[in-house]
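Novice:
Residue numbers (this note's numbering), protein chains in the order written: chain A, 1 to 340; chain B, 1001 to 1292.
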């Protein structure tokens, strides 16, 4: 820590901006995010949009898994719920900017219903319950959408005459929604609810003893995670011209879980950021290089090998995720050339 | 009303599949007892066994395929225990769940490189016999024999032998068992190997029943429902759980199919959620007295 900054109140200790470098970092980061369309071409801008969408979803799962310590295997299904609700509302003529929050709320409601079994059960039973829920929701998607294609009408994607589904407006809309939801998530982590979630994660018996309503906190954590998944689904509907449920299967849920566990569970923003960057965007870039080099079935199998190996490896060797590796590296640089 | 021969056939199929479910569910329960966590890598093991048996038996005959796939499964159990379960002892169960999920993907990746996503039947000639209303194939009979023998053998091993009682002691209280001089760590390894072998027998029976295809692990995921119905720490109960699941599935696909297409393949998950809501410790599981 730089010498010369002293904290006198608890409020200063838990503030978002605690050191001058935080202000500088936030300003530079924001500037970079706003300038990105100028810096890179349209392909990388679309990649950035998909990165932001999955960042919102991963932030949600990081609240469920990282803060509250619940394993959820139904996150992709909840995202699908958001996407389908958006598609349905857009079909009815509702503007997409109205439909996206509604999608979040409906996914949150679904998540709350799914969390009901966890009222009685410990973590691994919730993993089972959410796994079952994932397959049930997939089955319902297959019933209502047998062709795997629901178009999102373009008419719903206008705001004041500007078409939001493409190019710069798409990027900036997604960026705005992402920033708002990330700020909300950061503040959630600092609030009484966030601290209650951490207490439940670390020791649920002790949490109950100090007066935290454990069932309530678990259900809320799952519900909030569902809300973010629904938002991500709504953004996904904005991003694509039509949705199918093949993106919302168990594999999607495991990928989400992988992004949280690899990036850094409990570190809501930066953990999720690194996870999505490495797993989702990294793989997209790697895939296009691999496609020329090796046979397609090996490339498809390689995704399972790499992702699975990284999930297991991080849990065993670095349970705090990639962010802890970076932090150690930062400490090393700060202390260099001394060892402590 | 449903015709009698369809009903009899469905009940028989439910019985055969139910035994397979029971054997796969037994693998989950063996692991749960010693490691207190759910082994999500188990479904991928089923897939691996199917493909290893397919690839090896094409070149070296069915006997070699069976032996090598059993050996691969036992080895996989050993590797999983050494690489995941042992380093994570003492960590919250969520850690092992995540790690086995990772292993689920790794084993899937290996399987798809070995098996190239193809779908084919094991090279074993099957003939059909008619017994009154019922049509029976030799593959059904063989898989019934394999699963029946596997279930009986494991339950006897678990309940009647010295090794079985040692494993039970470790499952009950690992530290206490260590105090009595039992080789706890070796018994845990043995349990994982046993679970691997159970999965291998289940996987082989399943590949006989439903061909080797990239979705074999889906059956194993459905076997979770059997495991939960029996109670995660129950051993003998899985037979009942598996049979219940097999029969429910077949009956649902006869009765509900006209209204909800494809429900037969997914009823297991409704079943699973229902059990978790109503009786989370299952029919034969020990109800732990904890309120969180």
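We treat Cβ as the ideally placed atom computed from N, Cα and C, and that holds for glycine.
May I ask you to list the residues that DSSP assigns as paired with residue 163/A?
Specialist: 158/A
Novice: Mind checking which residues open and close the alpha helix (DSSP H) that includes residue 67/A?
Specialist: Here residue 67/A belongs to no alpha helix (DSSP H), and DSSP marks it neither H nor E.
Novice: If you drop the 5 nearest sequence neighbours on each side, which residues of the same chain put their C-beta closer than 6 Å to that of residue 254/A?
Specialist: none
Novice: Which two residues bound the contiguous beta strand (DSSP E) that contains residue 1036/B?
Specialist: Run containing residue 1036/B: none; DSSP gives neither H nor E here.
Novice: Tell me which residues of the stretch 1085 to 1103 of chain B have at least one Cβ-Cβ distance to chain E shorter than 9 Å, keeping chain order.
Specialist: In the displayed structure, chain E is absent; the protein chains listed are A and B.
Novice: Using beta-carbon positions only, say whether residue 133/A and residue 99/A come within less than 8 Å of one another.
Specialist: no
Novice: For a quick check, are the C-beta atoms of residue 299/A and residue 318/A less than 8 Å apart?
Specialist: no
Novice: Name the residues in the stretch 1270 to 1284 of chain B whose C-beta lies less than 7 Å from a C-beta of chain A; which are they?
Specialist: 1270, 1272, 1273, 1276, 1277 and 1280
Novice: Relative to the C-alpha of residue 276/A, which candidate in 240/A, 285/A, 260/A and 267/A has its C-alpha closest?
Specialist: 260/A
Novice: Do we get a CB-CB distance below 8 Å when we pair residue 1117/B with the residues of chain A?
Specialist: yes
Novice: What are the start and end residues of the beta strand (DSSP E) that includes residue 1136/B?
Specialist: Residue 1136/B -> beta strand (DSSP E) spans 1134 to 1137.
Novice: Residue 1096/B and residue 1085/B - do their beta-carbons sit closer together than 8 Å?
Specialist: yes
Novice: List, in order along the chain, the chain A residues whose C-beta lies closer than 7 Å to that of residue 1300/B?
Specialist: There is no way to answer for residue 1300/B, as the model of chain B reaches only from 1001 to 1292.
Novice: Would you tell me roughly how many angstroms separate the C-alpha atoms of residue 251/A and residue 1036/B, rounded to the nearest one?
Specialist: 25 Å
Novice: For my contact list, residue 1016/B and residue 1173/B are in at a C-beta cut-off of 8 Å; report their separation, rounded to the angstrom.
Specialist: Rounded to the nearest angstrom, the Cβ distance from residue 1016/B to residue 1173/B is 38 Å, too far for a contact under 8 Å.
Novice: Please list the terminal residues of the continuous beta strand (DSSP E) segment that includes residue 1296/B.
Specialist: Here chain B covers residues 1001 to 1292 and nothing more, so residue 1296/B does not appear.
Novice: Count the other C-beta atoms from every protein chain shown that fall within 10 angstroms of the C-beta of residue 22/A, then say buried if there are 16 or more, exposed otherwise.
Specialist: exposed
Novice: Using a Cβ-Cβ cut-off of 8 Å, state whether residue 1262/B counts as contacting chain A.
Specialist: yes
Novice: For a contact defined as C-beta to C-beta under 7 Å, what are the partners of residue 132/A on chain B?
Specialist: Within chain B, the residues whose beta carbon sits less than 7 Å from that of residue 132/A are 1269, 1272 and 1273, listed in sequence order.
Novice: Could you tell me the distance, in whole angstroms, from the CA atom of residue 1121/B to the CA atom of residue 166/A?
Specialist: 48 Å
Novice: Which value, in whole angstroms, describes the spacing of the CA atoms of residue 190/A and residue 103/A?
Specialist: 26 Å
Novice: Are the stretch 201 to 218 of chain A and the stretch 82 to 93 of chain A in contact at 8 Å, needing three or more beta carbon pairs?
Specialist: no
Novice: Flag this pair as yes or no: are the beta carbons of residue 243/A and residue 157/A separated by less than 8 Å?
Specialist: no
Novice: Are any of the Cβ atoms in chain B nearer than 8 Å to that of residue 69/A?
Specialist: yes
Novice: Considering only the alpha carbon of each residue, which of 1031/B, 1148/B and 1225/B lies closest to residue 1170/B?
Specialist: 1031/B
Novice: For my contact list, residue 364/A and residue 233/A are in at a C-beta cut-off of 8 Å; report their separation, rounded to the angstrom.
Specialist: Here chain A has residues from 1 to 340 only, and residue 364/A is not among them.
Novice: Indicate the three-state DSSP secondary structure (helix, strand or coil) for residue 1123/B in the structure shown.
Specialist: Here residue 1123/B sits in coil by DSSP.
Novice: May I have the straight-line CA-CA distance separating residue 63/A from residue 224/A, to the nearest angstrom?
Specialist: 8 Å
Novice: What is the rounded straight-line gap between the Cα of residue 340/A and the Cα of residue 327/A?
Specialist: Taking the Cα positions, residue 340/A is about 14 Å away from residue 327/A.
Novice: Name the chain B residues that come within less than 9 Å of residue 153/A, Cβ to Cβ?
Specialist: For residue 153/A, there are no C-beta contacts with chain B under 9 Å, since the nearest C-beta of that chain is about 28 Å from it.
Novice: What distance in whole Å lies between the Cβ atoms of residue 47/A and residue 284/A, which are believed to be in contact at a cut-off of 8 Å?
Specialist: 6 Å
Novice: Would you call residue 245/A buried or exposed, if buried means 16 or more other Cβ atoms sit within 10 Å of its Cβ?
Specialist: buried
Novice: At a CB-CB cut-off below 7 Å, which residues of chain A make contact with residue 1037/B?
Specialist: 124
Novice: Please state if the CB of residue 153/A and the CB of residue 91/A are separated by a distance shorter than 8 Å.
Specialist: yes
Novice: Taking the C-alpha atoms as reference points, what is the distance between residue 142/A and residue 1150/B?
Specialist: 36 Å
Novice: Taking contact to mean at least 3 C-beta pairs separated by less than 8 Å, is the stretch 1022 to 1029 of chain B in contact with the stretch 1234 to 1247 of chain B?
Specialist: yes
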